[in-house]
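J.: One point on numbering: in this note's numbering, the residue at position 264 of the sequence shown is 539, and numbering is uninterrupted. Structure provided below as structure tokens; questions to follow.
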Amino acid sequence: MSGGVMDMTTLVACVLQHVLKHGQTTPDEVEEKFGSGVRRVVEELTEERKLTHPARRAARLRLAPQLSDAAKAIWLADTIVNLRTLRIDQTIDASRDDIAWAEKVVRATRGVNARLDVIAEGMLDHARKLLDDARNGRWPPKPRKPSRKRYNDPFLKADAEAGIGSLTIFWDNARTARVKIDSRPIFTLPLTLARMLWIIAFFGKPGQDGLSAFVLKRALLVELRRITGRPYKLGRHSIDRILYRLQDVLYRNGVNPLLVEMCRKRGVRLRLHIRTLNPHPPRGFGELVTIQ
């Protein structure tokens, strides 16, 4: 979600990108189950296993200009994941080679997805800093007391800013006046239910620290305060507690059972499901549904 990619062909191909290289699946089977578009992208991302590792890398860079935008975006996203999981406590030479390869990939795929470009550059800067620290004996760092505010991490900022941008666009395009179905008012379309779940859709469900958690908790508390009229302080409630309270309030205020049918008539896809935290939820309230 960090890259804002919503194209289904790209998302499916991202999941299946290694299926031809590491599995027994054939391209024909991929096309039969997922379509020719997914097959084409997966084949673009599949390396020739008979070549040596340096030869495979050289071939990928040589063919990079011919890749589709979907394949480039997936390749860049995969490189970002590799940078996030890079361990500098291995040999410094191997880490340096991995970072140099990631720089080449970022240059080869730049311009396809601006959000991923920002995240990749931030990850590269961080990796270079860790490598420099390792060379100069400053890695691993000395243990220190955890800070209460960890909101200055550049990669977390890039993720959060991308999510905020997408969320703002959604809010601007989805402001719907309260409507009635069978003379029953809909309390949650879309400014409460959709806001609450779309925030989680873009930011994920993070831990209790970091910028994403801070933004998520603040946004959820604003909605809860708006509905109930009661003040809630930011630091006193966990994300799970806020979600449970919001779900409880939404149920008691009457989530209209015809909301799903109305969305279907409008051509709106139902996308994200979040299970209630209550082990004994009210009947018909096992999951909440958000709107796309």
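We put the CB at the ideal spot given by N, CA and C, even for glycine. As the structure is a prediction and not an experimental result, all values here were calculated from the model.
1) If you compare alpha carbons, which of E322, V317, Q299, R410 is closest to A369?
2) In angstroms, rounded to a whole number, what distance separates the CA positions of K325 and K296?
3) When the Cβ atoms of the stretch 373-385 are set against those of the stretch 329-347, are three or more pairs found closer than 8 Å?
4) Does the distance from the CB of V316 to the CB of T354 come in under 8 Å?
5) Beta carbon of E319, beta carbon of L336: below 8 Å?
6) Considering only heavy atoms of the ligand COA, does any lie closer than 7 Å to the CB of V305?
7) Rounded to whole angstroms, what's the CA-CA distance from R331 to A395? Just pull it up for me.
8) To the nearest angstrom, how far is the alpha carbon of A339 from that of A333?
9) Can you give me the Cβ contacts of E378 inside the same chain, cut-off strictly under 8 Å, excluding the 5 residues immediately before and after it?
10) Tell me which residues share the same chain as E287 and place their Cβ nearer than 8 Å to its Cβ, disregarding the 5 neighbours each side in the sequence.
11) Pick out whichever of D392, Q292, A402, T327 has its Cα sitting closest to the Cα of L568.
12) Ignore the nearest five residues each way along the sequence and tell me which others in R371's own chain have a CB closer than 7 Å to its CB.
13) Put A398 into one of helix, strand or coil per three-state DSSP.
14) Alpha carbon to alpha carbon, what distance is there between I374 and L290?
15) If we count the other Cβ atoms within 10 Å of its Cβ and call it buried at 16 or more, is P557 buried or exposed?
T.: Taking the geometry as given:
1) Along the sequence shown, one-based indexing puts residue 369 at 94. For the residues E322, V317, Q299, R410, the minimum Cα distance to A369 belongs to R410.
2) For the purposes of this step, residue 325 is taken as the residue at position 50 of the sequence shown. For the purposes of this step, residue 296 is taken as the residue at position 21 of the sequence shown. Going from the Cα of K325 to the Cα of K296 covers about 11 Å.
3) The stretch 373-385 is in contact with the stretch 329-347.
4) Walking along the sequence shown from the start, residue 316 turns up at place 41. Walking along the sequence shown from the start, residue 354 turns up at place 79. Cβ distance not < 8 Å, so V316 and T354 don't count as in contact.
5) Position 44 of the sequence shown, counted from the start, is the residue given in the question as residue 319. Position 61 of the sequence shown, counted from the start, is the residue given in the question as residue 336. Not a contact, by the Cβ cut-off of 8 Å.
6) As for the ligand COA, it is missing from this structure, which has no ligand bound.
7) For the purposes of this step, residue 331 is identified with residue 56 of the sequence shown, where counting begins at 1. For the purposes of this step, residue 395 is identified with residue 120 of the sequence shown, where counting begins at 1. About 22 Å.
8) Residue numbering aside, residue 339 sits at position 64 when the sequence shown is read from its first letter. Residue numbering aside, residue 333 sits at position 58 when the sequence shown is read from its first letter. Cα-Cα distance, rounded: 10 Å.
9) Working through the sequence shown from its first residue, we reach residue 378 at position 103. Answer for E378: L399, listed in chain order.
10) Within the sequence shown, numbered from 1, the residue matching residue 287 stands at position 12. The sequence shown places Val at residue 287, not Glu. Shown here for V287: same chain residues with a beta carbon closer than 8 Å to its own, the five before and five after excluded, namely F309, V313 in chain order.
11) Because the chain in this structure spans residues 276 to 567, residue 568 falls outside the shown range and cannot be described.
12) Taking the first residue of the sequence shown as position 1, residue 371 is located at position 96. The answer, listed in chain order, is L406.
13) Your numbering for residue 398 matches position 123 in the sequence shown. A small fix is needed here, since residue 398 is Met in this sequence, not Ala. Helix at M398.
14) Residue mapping note: residue 290 aligns to position 15 of the sequence shown, counting from 1. Residue mapping note: residue 374 aligns to position 99 of the sequence shown, counting from 1. Per the sequence shown, residue 290 should be read as Val rather than Leu. Our two residues, V290 and I374, have alpha carbons roughly 24 Å apart in a direct line.
15) By one-based count along the sequence shown, residue 557 stands at place 282. Note that P557 has pLDDT 38, beneath the 50 cutoff, so the model's placement of it is unreliable and the number below is only indicative. A residue is called buried once 16 or more other Cβ atoms fall within 10 Å of its Cβ, and P557, having fewer, is exposed.
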